[in-house]
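Okay, structure first, notes after.
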Amino acid sequence: MKKLQNEITTFLKERDWLDQYNYPKDLALSLSLEAAELLECFQWKTDEDAVKENREEMLKEVADVMIYALQIVESLGADAEEVIRLKLAENRMRTWSK
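Numbering (the UniProt record's numbering), first residue to last: 1 to 98.
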């Protein structure tokens with residue numbers, strides 16, 4: 001995952017976006033907007049129809065969400081793989097009511 005974080009950082013630097021738009025608040029807003037675009041793929045459709053009609057678009061939107069999530073992690077000076085492993089460990093200890 002660190003390799004992906006580095007690739008994203010390189011992409012941002014190449015476009016001179018790293019210092020302009022790479023702040024946690026802005027990235028979180030952008031992630032939310034991309035997640036909303038993913039939700040639009042499902043609007044007024046069954047899961048089956050939505051996937052059949054919009055699978056490729058869904059994958060693109062998921063990629064956008066993941067890119068922004070990795071940017072947030074990078075902007076906070078953390079490693080995504082480590083953050084995810086820590087959260088999974090925390091979730092293993094949780095209990096959820098039904």
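Using N, Cα and C, we set each Cβ at its ideal position, and we do this for glycine too.
- Alpha carbon of GLN20 to alpha carbon of ASP26, nearest angstrom: 10 Å
- Task: List the endpoints of the continuous alpha helix (DSSP H) containing LEU76.
- Result: Segment: none, LEU76 is in no alpha helix (DSSP H) and carries neither H nor E.
- With 16 as the cutoff for other CB atoms within 10 Å, does GLN43 come out buried or exposed? exposed
- Task: Give the DSSP-derived three-state secondary structure of GLN43 in the structure shown.
- Result: coil
- Item | Residue nearest to GLU34 in terms of C-alpha spacing, selected from MET1, LEU59, GLU90 and LEU76 | LEU59
- How long is the line joining the alpha carbons of LEU86 and TYR23, rounded to whole angstroms? 23 Å
- Task: Quick one: give me the first and last residue of the alpha helix (DSSP H) that LYS3 is part of.
- Result: 2–14
- Can you tell me whether DSSP reads SER32 as helix, strand or coil? helix
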